[in-house]
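The next block holds one structure in the form of structure tokens; read it before the comments.
There are 2 protein chains.
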Amino acid sequence: MTRVLVIEDNLDLAYGLRNNLEIEGYEVDVAEDGSIGLARATERPPDLIILDLTLPGLDGFRVLKALREGGAAMPVLILTARDAESDKVRGLKLGADDYVTKPFGVLELLARVEALLRRGAAPGARGSLRFGEVVIDTRTRVVERRGAPVALAPKELDLLLALWERRGSVVSRAELMREVWGYQTDVLSRTVDTHIAELRRKLENDPGRPAHILTVRKAGYRLAL
Amino acid sequence: MTRVLVIEDNLDLAYGLRNNLEIEGYEVDVAEDGSIGLARATERPPDLIILDLTLPGLDGFRVLKALREGGAAMPVLILTARDAESDKVRGLKLGADDYVTKPFGVLELLARVEALLRRGAAPGARGSLRFGEVVIDTRTRVVERRGAPVALAPKELDLLLALWERRGSVVSRAELMREVWGYQTDVLSRTVDTHIAELRRKLENDPGRPAHILTVRKAGYRLAL
DNA sequence: AAGGAAATGTCAGGAAGCCGTCAGGACGGC
DNA sequence: GCCGTCCTGACGGCTTCCTGACATTTCCTT
Numbered sequence: 228m229t230r231v232l233v234i235e236d237n238l239d240l241a242y243g244l245r246n247n248l249e250i251e252g253y254e255v256d257v258a259e260d261g262s263i264g265l266a267r268a269t270e271r272p273p274d275l276i277i278l279d280l281t282l283p284g285l286d287g288f289r290v291l292k293a294l295r296e297g298g299a300a301m302p303v304l305i306l307t308a309r310d311a312e313s314d315k316v317r318g319l320k321l322g323a324d325d326y327v328t329k330p331f332g333v334l335e336l337l338a339r340v341e342a343l344l345r346r347g348a349a350p351g352a353r354g355s356l357r358f359g360e361v362v363i364d365t366r367t368r369v370v371e372r373r374g375a376p377v378a379l380a381p382k383e384l385d386l387l388l389a390l391w392e393r394r395g396s397v398v399s400r401a402e403l404m405r406e407v408w409g410y411q412t413d414v415l416s417r418t419v420d421t422h423i424a425e426l427r428r429k430l431e432n433d434p435g436r437p438a439h440i441l442t443v444r445k446a447g448y449r450l451a452l
Numbered sequence: 228m229t230r231v232l233v234i235e236d237n238l239d240l241a242y243g244l245r246n247n248l249e250i251e252g253y254e255v256d257v258a259e260d261g262s263i264g265l266a267r268a269t270e271r272p273p274d275l276i277i278l279d280l281t282l283p284g285l286d287g288f289r290v291l292k293a294l295r296e297g298g299a300a301m302p303v304l305i306l307t308a309r310d311a312e313s314d315k316v317r318g319l320k321l322g323a324d325d326y327v328t329k330p331f332g333v334l335e336l337l338a339r340v341e342a343l344l345r346r347g348a349a350p351g352a353r354g355s356l357r358f359g360e361v362v363i364d365t366r367t368r369v370v371e372r373r374g375a376p377v378a379l380a381p382k383e384l385d386l387l388l389a390l391w392e393r394r395g396s397v398v399s400r401a402e403l404m405r406e407v408w409g410y411q412t413d414v415l416s417r418t419v420d421t422h423i424a425e426l427r428r429k430l431e432n433d434p435g436r437p438a439h440i441l442t443v444r445k446a447g448y449r450l451a452l
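So the sequence lines, in the order shown, correspond to chains H and Z. Heads up: the first sequence runs through residues 228 to 452, numbered per our numbering. Heads up: the second sequence runs through residues 228 to 452, numbered per our numbering.
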């Protein structure tokens, strides 16, 4: 599901937005100040961020700057009360993708959100994830490699999706166990490793030297795009 | 100009719809109960009807039934409360073309209206759903395979329509139970599977290796076109 | 550079889970 | 009552999953 993070300290506004976005079928997370928002966006990158500029503590500009410096690539839509032209320019220079000035119409906002997501999802249809030569269609749960379908067992796909959710960063075995298996136990068996091996066998060119499903010693696994 | 008839007793909602539709360039007529709507639709057939199911007096189902029996062919989009999932199937069986559950997003509604009108412009596309060698006539409730009629039990047709609604995507047993049976229980019996098996027996060339009514292990079923 | 400890990769077999199938019985319409 | 329909639970086949033993790699220590 497409995930949107709303970083906005006016909670009335934030929850209003959440309602409208959820009706449109998005999964919505709300952060009520800059640092919370930044943390949330880093640990679990959403598909789009709606960012208020005037925030207590860490303001919107700094959040945006930190995000982009951290390599975050998702579209960011800025909400600004001041229709000061310079804010818009400054925001766009820092890597915002669009802005809406308050007060704004919900319809306008929704339309812009959709436009940004459509643009962002230009390579590859919505609902299909990809890395390397692999395409995952979340709608049908079909996975293809070089255009040829690959049969993944349910657990394998779940594991792959958990890695995808946090692509780029290291995910520990314990976290994978929790996300995919629901346990909270320490890992003493080779369960995760076995499934990783199977994924490599099915998805990597040279399973012995994986190019995407990487091991990070003493830390866990990482999915590289 | 393209004309839309909105049959809806909640006038706030009705006029809200009218505004939005007019902004999109449609000519909009509002009828506030079922018999008025039916009369209006008969005397001056619009290009599309948006029909609320819960209406005072003549309810939406009856309006729809009367319309279709009277030979009206324009696309009908029904509005239904979210908790009445099985209404969707019933509506589609009576010859509705699409539905939107309340509360709904305006964007979604407009998109669906546009889609219906575009589709309606294509000859022969309306009223008959198809996949593979199977044709479902929603008007007459007749299902054909390779041109020969196939006798489907009511539940089987309901199930097939529920799959058709979400064709291409995986639909879980729980969702099918909810849409077709109206329960909210977990699935512990083989009810869904049994009906799926029956559909395969009647509609697939090789029921053992279905080409359209597919199993997605651990996830549910999927209708492939 | 060699050795060793810790971490990860690999494998195979049994256990568990999931789905297809079937038959029996309940239910309701004609 | 009869017939079609529907639901259910049991059973079996097949896939998937987990696990622990063993092999290999990595990296730190000396």
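The C-beta atom is built at its ideal place from N, Cα and C for all residues, glycine as well. Just so you know, these numbers come straight off a predicted model, no measurement behind them.
Distance CB(residue i)-CB(residue j) smaller than 8 Å
{"i": "leucine 294(Z)", "j": "glycine 287(Z)", "result": "no"}
{"i": "isoleucine 234(Z)", "j": "leucine 282(Z)", "result": "yes"}
{"i": "leucine 337(H)", "j": "aspartate 324(H)", "result": "no"}
{"i": "valine 449(H)", "j": "proline 437(H)", "result": "Here residue 449(H) turns out to be arginine, not valine, going by the sequence shown. The answer is no: Cβ separation not under 8 Å."}
{"i": "serine 193(H)", "j": "alanine 446(H)", "result": "Residue 193(H) lies beyond the residue range present for chain H, which begins at 228 and ends at 452; the question has no answer from this structure."}
{"i": "valine 407(Z)", "j": "alanine 378(Z)", "result": "no"}
{"i": "leucine 291(H)", "j": "glycine 264(H)", "result": "no"}
{"i": "leucine 232(Z)", "j": "aspartate 256(Z)", "result": "yes"}
{"i": "isoleucine 363(Z)", "j": "leucine 386(Z)", "result": "no"}
{"i": "leucine 306(H)", "j": "valine 340(H)", "result": "no"}
{"i": "valine 361(Z)", "j": "leucine 441(Z)", "result": "no"}
{"i": "alanine 258(H)", "j": "arginine 271(H)", "result": "no"}
{"i": "proline 273(Z)", "j": "arginine 245(Z)", "result": "no"}
{"i": "aspartate 384(Z)", "j": "arginine 368(Z)", "result": "Per the sequence shown, residue 384(Z) should be read as leucine rather than aspartate. Yes, Cβ-Cβ distance for leucine 384(Z) and arginine 368(Z) is below 8 Å."}
{"i": "arginine 394(Z)", "j": "phenylalanine 358(Z)", "result": "yes"}
{"i": "lysine 382(Z)", "j": "histidine 422(Z)", "result": "yes"}
{"i": "serine 396(Z)", "j": "arginine 366(H)", "result": "yes"}
{"i": "serine 262(H)", "j": "leucine 285(H)", "result": "yes"}
For residue i: DSSP bridge partner residues
{"i": "valine 398(H)", "result": "Tyr448(H)"}
{"i": "phenylalanine 358(H)", "result": "Val361(H)"}
{"i": "aspartate 325(H)", "result": "Leu304(H)"}
{"i": "threonine 442(H)", "result": "Tyr448(H)"}
{"i": "proline 376(Z)", "result": "Glu371(Z)"}
DSSP-derived helix/strand/coil call for residue i
{"i": "arginine 230(Z)", "result": "strand"}
{"i": "glutamate 371(H)", "result": "strand"}
{"i": "proline 434(Z)", "result": "coil"}
{"i": "aspartate 236(H)", "result": "coil"}
{"i": "alanine 299(Z)", "result": "coil"}
{"i": "arginine 417(H)", "result": "coil"}
{"i": "aspartate 409(H)", "result": "Looking at the sequence shown, residue 409(H) is not aspartate but glycine. In this structure, glycine 409(H) counts as coil in the three-state DSSP scheme."}
{"i": "arginine 393(Z)", "result": "coil"}
{"i": "threonine 366(H)", "result": "According to the sequence provided, residue 366(H) is arginine. The question's threonine does not apply to it. Coil."}
Residue i Cβ short of 7 Å to the ligand MG heavy atom set
{"i": "leucine 278(H)", "result": "Summarising the ligand content, the structure contains no ligands, and the ligand MG is consequently not present."}
Beta strand (DSSP E) runs wholly inside the stretch 251-291 of chain Z, at least 3 long, in chain order = 254-258 and 275-279
Residues within the stretch 367-382 of chain H neighbouring chain Z, beta-carbon criterion of under 7 Å = Thr367, Arg368 and Pro381
Output, in sequence order along the chain, the residues in the stretch 233-260 of chain Z whose CB is closer than 7 Å to any CB in chain H.
-> none
Note down, in chain order, all residues in the stretch 396-426 of chain Z with a beta-carbon under 8 Å from any beta-carbon belonging to chain H.
-> Ser396 and Val397
Which residues, taken in chain order from the stretch 424-449 of chain Z, show a beta carbon closer than 8 Å to some beta carbon of chain H?
-> Val443, Arg444, Lys445, Ala446 and Arg449
When Cβ atoms are compared, which residues of the stretch 288-304 of chain Z fall closer than 8 Å to chain H?
-> none
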